[in-house]
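Presented below is the structure to which this report refers.
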Amino acid sequence: MKNLKFMFVGLLILVSACDDSFDPKSEFREQYVLSAVVQGNTKGLNIGVNAYLTKLYDVDGTNPYTNPDDPSIEGALVQILHRNNVYDMIMEKLPGQNERYNSDQIVYSTSFQSPRPGEDVGIRAVLADGTTLSSTIQLPRSLHFELNYPYVRGYTSNIDMSSFGSALTYRWKGSLEELYFPTLTLIYQQKIDGSWVTKRRDIPREILEDGTEVFPEYIYDYEMGFDYSAIDQIVESLGEGLADKSEIKLGSLFFKLTSLERNLANYYSSTNGFLDSYSIRLDEEVYTNISGGLGIFGAALSFEFDLAFDPSYTVSYGYSF
Amino acid sequence: MFNSKFLLHTTLFFLITVITCLAQEQITTGKIRGFVTDTTNGERIGYANVFVKGTTLGAPSNSEGYYFIPSIPAGKQTIIFSFLGYEPKVITLEIIANKTLELDVQLKPSSVQLQELNVVGEMEVRPNETDLGIQKITAREIEMQPVGAEPDIFRVLQTAPGVNTTGDVTSKYYVRGGGGDQNLILLNGAPIYNPFHALGIFSVIDPEMISILEFHKGGFESEYGGRLSSILNIETRDGNKKNYQATANASLLAGRVSVEGPIPYGSFLVTGRKSYYADILEKYLNNDGAPFDFYDISFKANYGNPDIDPDGKFVVHGFISGDEVKYDDPFIEDFSVSNKIFGFNWNKVWSNPLFSKFVFAYSGYKADVNPKLSNSKPRTNEVSDITANLDFTYMYDSKDEFRFGLQNRIVNTSLQLTNLYGVKTNYAKEGWEMSVYSNYKFLRWDHVGFDIGVRAILTGLSEKRPFLLEPRMKVTYRPVPFIALKAAFGSYSQEIATVSNENELISIFEPWIIIPDYVNSGHATHYIAGIKFFFSEKMTFELEGYYKDLSNLIDLNNRKYNSLFGDYINVEGEAYGLEALAKFQPDMMFISASYTLSWAYKTRDGEKYHPRYDTRHSVNLLAGFDLGSNWKITSNWSLRSGMPFTPIIGFYDRPEVSLDPILNINSFLASTFWDGRNTGRLPFYHRLDFSVSKKTKIYNADVTFGASVLNAYNRKNIYYYDKDSGERVNMLPVFPSAYIKVEI
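Residue numbers (numbering that gives the first Met the number 0), protein chains in the order written: chain S, 0 to 320; chain B, 0 to 743.
Here it is in structure tokens:
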């Protein structure tokens, strides 16, 4: 029994002396990161692409914001592949625009003949050490809009809401994989010092009782409604404080729908989550579609729709027609 | 629902059953049967040993205290009744051929306390018992554990080889590489869906109300189903049948009272527990000011009037528990979790050697997250489960046993969530699971025990069920008296599971759902083999090896990027290991030592990795000493490999998605680039706990004073590494506590 006790105590001492140091890191390995988005609208002749090329870095500890050195990579060959054409991207240094590192922002950019919705576009980056990063995507497909009410004379809120609802609602036939960002902008003119100046004002989809304006966010839905009451309040607010309301001239309601193709939509979804106070999440999984490295290659196309105002609606606020 | 396939399988099942029954031999000898109870309170004693002196005849009592011994040679015989913690009783009587003698026996508690610390059943009346993987634990053993904030049955389970946990913060346990939701917990036959108080820190089961706790680590018989890894079967006490009794306990965290006593033809027991000092829990959680509040109430009443139902007992029972975390701060979300169980049982000993048990129970569970003004989203999970089981045990003269039954569960689950984009979803599903089972135990040969059974799931909860018939088998072979060779095999399925993110170490919201139609329900196959050495009555050593094949486990799809992806996916699993357990019980002392070497894997999207609860090495040393004069010291030292974690390789800057431009160069976010999933491992965990108690008499009351220290040498066991703050977060520091118990 005595031996047993000694063994027990000895084991305790031995184990207590065990090294309990802990390093949350494994050995650092070089990786490259390519981030690029094809972005444009369907009306332009050309479409632009900006690409950012960086590399993995390490810091003392686990706070990456202590990294003082810009990880951007210069001098790589970055190309856009569209149909049978290869477009070299030009490296630019935007002076002082990299706020994080207080340095020049390294951007690779080009433009090319506007592709048709649904077409394939590729990117390829060849680094000085021979590493190649690449990806191919399909642009968002074409979208067609419908409104919940045939506004033949232009927009008015003076409609039968029991039949057509209480919101100006845009609908489109989309894809389950794509993500959409709808915006509605009021375009109007105001006479300032005798000249008509064009102005824009974003319309919220809803204005709460306490006056909070709720604007659209990225959605997977195929429709977005803007409350008539919200549009009316914004329109009415244009003339507030003006002695002569005829100095305001309503232009149109400009609806713009930005469609993110599948990869960019996945990337957005993977980086926007929430936790409650008790959940301790240990790691995260960020979407990537770059072969040979990390990052994202995606595309966003904007589709636009203009809706004029019904003259009687404009006049009801005392504005010019 | 009742299609031709259903009828075919039902017919097949009953044919097997009838053929098995007909195969029995007829023996014309005498029999005895009866109940074993406690002299002091009349409580029935489960798993007591009853054997006929000078023969190999004997049987343990079942969980209801009922025993039956057939084939006793006619004439004068001496019957010995014994149970650890009780004085043995010897009765000599005349056995009459072809007659069954009724013999109810009362055992008197022994004055030597530490003998009761053993797991029940070491002194075997059935050397060929097919009990591989089963551990029967008494309330006394639970008392032996050093007490932390509250006595806890799950902490007792965690000392068993093959049972693992992920930290001091949770009582959640993992059995032989299976997930936490693969463990079925039954309270008087009704399932408990949330067995934890205070975010999982300890169990809702008040140890004082437990009569018998039966833990099946694997290879469980066909009467159990619905889970892939383990069964914890808890039977609560009936209550004192002789005297009225009140007990009050106070720990640093909660107060508890219980009242019990006789009623005409029966007894009752009511217990209640309520937290009053939540600050203790903050030490567990590293969360200052967490406003925990919990309670649990249970009741049980039994009635056995021989004029109404000879040898029958009716039981009504209930259990209610609630947990709340409510902040005054409107920017921190509130949580609430509740269980409600109400049940009716009818146990009956029929005139022939048939024992039946009817269970009808409702079990409800609700968890709710109220985000208030915080960034989290509202979430609600509700489960309602109606169980109706009819189980029979037939005991043959040959000592063989035949068990069969019909089990039904009607389950409703609903999970209401608001997703990232503010869209509300409600996944609701209802199912009826009807199963029949049969299980035949060949116990007629002294050196060999053989247990074969099958469970047929006739109607299931989920759409995609991989198996209809689940065969089960166990065998025990005693080539020499001091060695038992054992093996088991079983096929298991599970159609209801919790869905939680395994990358979250603590998550208060772990909803139960019936497996959705687009994924398969889980399946497991257990292969177990073991050897047990009986060096003496006071010293045993056992070695068990297991292999567990798991398929179609359900997991959150963390690559769900749009509505084309399902919320859940199937992943595969595998676990294997070797467990050693040695027990030594000299006078006034109890020592047990266990070691487990194990591996657990999951395979997801082709990537094979260790789940968070994988532990390579695990050691537990448990010791208890009776110092005399009602002084008792117990201690527990545990050591295990650290949890796997995913190491950091480096960091990179990724652009944030905005609107114009889509990739905002002024909004780059620094992100972590991770190594392979769970390829790193935290340092070893080890901890020493001990407690001391003294029982004394003050006026008419029995008063027990106790004190304990958890993590006595203040080991800094790492819990996780907060990469945002760069801080290492440790588990429980040295933690002294005290309690007092008064019994009147």
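Cβ atoms here follow ideal geometry from the backbone N, Cα and C, with glycine treated the same way. Keep in mind the model is a prediction, meaning the values are calculated, not measured.
Own chain partners of residue i with C-beta closer than 6 Å, once the 5 adjacent residues on each side are dropped
i	result
P735/B	V708
L231/B	I184, F214
Y172/B	F153, L156, Q157, V162, T164
L113/B	For L113/B, the pLDDT reaches just 44, beneath the cut-off of 50, and the residue's location in the model is therefore unreliable, although a value from the coordinates is still provided. The residues are M587, F589, G623, D625.
V618/B	Y594, L638
K398/B	L442, R443
K255/S	T182, S301, E303
P352/B	F67, M394
I530/B	L484, L542
T65/S	V58
E259/B	G238, N239, Q244, L268
P646/B	D674, G679
T695/B	V702
L549/B	A523, G572
R378/B	V368, L416, F508
Sequence-distant residues of the same chain with beta carbon closer than 8 Å to residue i, five excluded per side
i	result
Y85/B	D37, I44, A47, L106, K107, P108, S109
P139/S	P116, G117, S174, E177, S258, L259, E260, A298, A299, L300
G565/B	P515, Y517, V518, N556, K559
S222/S	According to the sequence provided, residue 222/S is Glu. The question's Ser does not apply to it. Closer than 8 Å at the Cβ level, and outside the excluded window around E222/S, lie T168, Y169, R170, W171.
N97/B	T27, T28, G29
Any non-hydrogen atom of the ligand FAD within 7 Å of residue i CB
i	result
T313/S	No copy of the ligand FAD appears in this structure; indeed no ligand is present at all.
Minimum Cβ-Cβ distance from residue i to chain A less than 8 Å
i	result
R558/B	Included in the structure are the protein chains S and B, with no chain A among them.
Integer-rounded CB distance, given that residue j should sit under 8 Å from residue i
i	j	result
N193/B	N338/B	5 Å
D551/B	N569/B	Before going further, note that residue 551/B is Asn rather than Asp in the sequence given. The Cβ separation is near 5 Å, so the contact holds.
F354/B	T392/B	4 Å
I512/B	E494/B	About 10 Å; that fails the 8 Å criterion.
K198/S	G317/S	In fact, because the Cβ distance is near 17 Å, the residues do not count as touching under 8 Å.
L55/S	A75/S	Between A75/S and L55/S the Cβ distance is about 15 Å, and since that is not below 8 Å, they are no contact.
Closer than 7 Å at the beta carbon, the chain S residues around residue i
i	result
F667/B	R99
P654/B	S34, Y51
C-alpha distance - residue i paired with residue j, whole-angstrom precision
i	j	result
K740/B	K273/B	15 Å
T168/S	F225/S	6 Å
S593/B	T633/B	16 Å
V691/B	F704/B	8 Å
F343/B	V89/B	36 Å
S315/S	F214/S	26 Å
N83/S	I122/S	13 Å
T246/B	Y65/B	28 Å
V35/B	D103/B	6 Å
L249/S	A307/S	8 Å
T287/S	G294/S	5 Å
Y426/B	Y364/B	16 Å
V36/S	F296/S	6 Å
P310/S	R152/S	8 Å
Closer than 8 Å at the beta carbon, the chain B residues around residue i
i	result
L55/S	I648, G649, F650, Y651, F672
S25/S	P646, I647, I648, D674, T678, G679
P70/S	Y651, D652
Amino acids of chain B, ordered along the chain, whose beta-carbon sits closer than 7 Å to that of residue i
i	result
T61/S	I647, K722, G725
Residue i: contacting residues in chain S (beta-carbon distance under 8 Å)
i	result
K744/B	What the structure shows of chain B is the stretch from 0 to 743, and residue 744/B is not part of that stretch, so it cannot be assessed.
I717/B	D19, F21
Other residues of its chain near residue i: CB distance less than 7 Å, five sequence neighbours each side excluded
i	result
T458/B	M0, W431, E432, M433
E73/S	M90, I105
V118/B	Reliability fails at V118/B, whose pLDDT of 40 lies under 50, so the model's placement of it is uncertain and the value that follows must be treated cautiously. Once the five neighbours on either side are set aside, the close Cβ partners of V118/B are Q134, K135, I136, E140.
P23/S	T61
I233/S	L185, R200, I202
A253/B	E149, R272, K273, S274, Y275
Residues that residue i contacts on chain B, provided the C-beta gap is smaller than 9 Å
i	result
N66/S	F650, D652, A669
Q30/S	I648, G649, Y651, F672
Complete beta strand (DSSP E) runs within the region 451-480 of chain B (minimum length 3 residues, chain order) | DSSP runs (the beta strand (DSSP E)) wholly in the region 451-480 of chain B: 468-479.
Can you give, in chain order, each stretch of the beta strand (DSSP E) that sits fully within the region 623-668 of chain B and has at least 3 residues?
-> 630-639, 647-656
Mind listing, in chain order, the continuous beta strand (DSSP E) runs of no fewer than 3 residues lying wholly within the region 487-536 of chain B?
-> Fully enclosed beta strand (DSSP E) runs of 3 or longer: 495-497, 511-513, 521-535.
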